[in-house]
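*Asks:*
In the numbering used here, the protein residues as written are 1 to 223.
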């Protein structure tokens, strides 16, 4: 019966703390453009909306304006460096793997819905030894639309013939919560990620402060 259920996770800031490697990559790309490097606290509010957004916001906060072609060039440099250094300082959030194992033991479909490019998503999951946990992955460039559009979530549940009431999203950002609400599925908002807005203000169905909370919410309301 549990194969008729699906838990869908965001990646950056939900399953994995990728901020350190994203920051290092952005600072490498911007090394000749900015004098004060991006720090962890600054970056946590601008991660999760793509490399170009990260570059643009980092420049904007320093009152640096560049033409689009230069921003695109910096974004490409960021992505190339990140691809080659994607798992240097990133790490899974505490108790995340135990939660995936619990879902696997209960024969629940586990999927990923991320705005990260598909190639980078699979490289990271492979390096972390996590790729085989996931039955389906929809990334930022898999479809014509990405979160907060509901299409990625609707595609995931359709691929496995999952009813909406048997699916739940776990994410850390406004994009995740809006996408889930538009798709008509429940959502757990996690407070330990990279959201620009306080998770409580986004009104998810459930709030989790750590993966122990995520695990308990799923066990209590979903299994």
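Yeah, the Cβ is synthetic: ideal placement off N, Cα and C, and Gly gets one too.
Predicted model, so just to flag it, every value in this text is computed and none were measured.
In whole angstroms, give me the CA-to-CA distance for residue 190 and residue 93.
*Replies:* Each residue's Cα considered, the two are about 11 Å apart.
*Asks:* Can you tell me which of the three DSSP states residue 108 falls into?
*Replies:* Coil at residue 108, not helix or strand.
*Asks:* Quick one: residues in its chain with C-beta nearer than 8 Å to the C-beta of residue 224, no 5 flanking neighbours on either side, listed in chain order?
*Replies:* Because the chain is modelled from 1 through 223, residue 224 falls outside the range shown and cannot be assessed.
*Asks:* Indicate the three-state DSSP secondary structure (helix, strand or coil) for residue 231 in the structure shown.
*Replies:* This structure cannot settle anything about residue 231, because the visible part of the chain is limited to 1 through 223.
*Asks:* Are residue 26 and residue 54 closer than 8 Å when you measure CB to CB?
*Replies:* When the beta-carbon positions are compared, residue 26 and residue 54 come within less than 8 Å of each other.
*Asks:* By alpha-carbon positions, which one of 48, 148, 8 ends up nearest to residue 103?
*Replies:* 8
*Asks:* Assuming contact is defined by CB atoms lying nearer than 8 Å, are residue 83 and residue 123 in contact in what I supplied?
*Replies:* A contact, by the Cβ cut-off of 8 Å.
*Asks:* Taking contact to mean at least 3 C-beta pairs separated by less than 8 Å, is the region 198–213 in contact with the region 21–39?
*Replies:* As far as the Cβ criterion goes, the region 198–213 does not touch the region 21–39, which means the pair count is below three.
*Asks:* Using CA atoms only, rank isn't needed, just tell me which of 61, 127, 193, 11 is closest to residue 117.
*Replies:* The residue with the shortest Cα to Cα distance from residue 117 is 11.
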